[in-house]
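Report on the structure given below.
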Amino acid sequence: MIDTFNAADKRAVVAGDTADELGKIKAFIVDVGANRVEAVQVSGRGRKADIVPWERLRFGGDAVIADSGDAPEQVSDDRDLDAVKGRVTMRGSRVLDTSGFELGTVEDVSFDSESGALVAVRTTDGEVDASHLCSLGSYALVVDAEE
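Residue numbering for the sequence shown follows the working numbering, beginning at -6 and increasing consecutively.
Right, dumping it as structure tokens:
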């Protein structure tokens, strides 16, 4: 099933073993090189930034089920920390192609809710197939130039 970051925002994350709500989706952590969602940040868990790795999640239309209540982990590496602090995020990023042309700003991202694979990036200027993604940094999302 194809889902989008905007549609999944604030969706409840529920522990499969206890049926307790762990929080709500706050952000997506993406590995552009692997072309997939690596984890989601869960809000409502105090002051610390907690993420749940993709492998421990099942996406549904109304909620996201984590395999257990201990699924959330504290952020442990710099890339994830930059993502949860909003320094490196897809939505709102400038999009540049490898020829140096600006292709707008990211509005939303579609992904496969079963595998976490990125499908497409919707920008203010149109849509970019996720297979064209090259890198994501604090300045921009870089995509292959169209030939």
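Glycine is no exception: its CB is placed at the ideal position from the N, C-alpha and C atoms.
Under 8 Å, do Ala32 and Ile44 count as touching if we go by C-beta distance?
Position 39 of the sequence shown, counting from 1, holds the residue named residue 32. Position 51 of the sequence shown, counting from 1, holds the residue named residue 44. Yes, the pair counts as a contact, with Cβ atoms nearer than the cut-off.
Are Val136 and Cys127 closer than 8 Å when you measure CB to CB?
Within the sequence shown, residue 136 is the residue found at index 143, counting from 1. Within the sequence shown, residue 127 is the residue found at index 134, counting from 1. The Cβ-Cβ distance between Val136 and Cys127 falls below 8 Å.
Measuring CB to CB, does Asn28 end up less than 8 Å from Ala110?
Against the sequence shown, residue 28 aligns to sequence position 35. Against the sequence shown, residue 110 aligns to sequence position 117. Ala110 sits close to Asn28, with the two beta carbons spaced by under 8 Å.
Determine the closest residue to Glu107 out of Ser36, Gly26 and Trp47, with distance taken between C-alpha atoms.
On the sequence shown, residue 107 is found 114 positions in, with the first residue counted as 1. Of the candidates Ser36, Gly26 and Trp47, the one whose C-alpha sits nearest the C-alpha of Glu107 is Trp47.
Looking only at C-alpha atoms, which of Phe104, Val23, Ala59 and Ser86 sits nearest to Thr98?
Walking along the sequence shown from the start, residue 98 turns up at place 105. Ranked by Cα distance from Thr98, the first of Phe104, Val23, Ala59 and Ser86 is Ser86.
In terms of alpha-carbon separation, which member of Val30, Gln34 and Val23 lies closest to Ala5?
Locating residue 5 in the sequence shown gives position 12, where the first residue counts as 1. Of Val30, Gln34 and Val23, the smallest CA-CA separation from Ala5 is found for Gln34.
Would Leu96 pass as a contact of Thr116 if the rule is Cβ separation under 8 Å?
Residue mapping note: residue 96 aligns to position 103 of the sequence shown, counting from 1. Residue mapping note: residue 116 aligns to position 123 of the sequence shown, counting from 1. Going by C-beta atoms, Leu96 is nearer than 8 Å to Thr116.
If Val88 sits next to Leu134, beta carbons under 8 Å apart, how far is it from one beta carbon to the other, in whole angstroms?
Residue 88 sits at position 95 when you count from the first residue of the sequence shown. Residue 134 sits at position 141 when you count from the first residue of the sequence shown. Between Leu134 and Val88 the Cβ distance is about 5 Å, and since that is below 8 Å, they are a contact.
Run the proximity test for Asp90: is its beta-carbon closer than 7 Å to any non-hydrogen atom belonging to the ligand HEM?
Of ligands this structure carries none, so the ligand HEM is not represented either.
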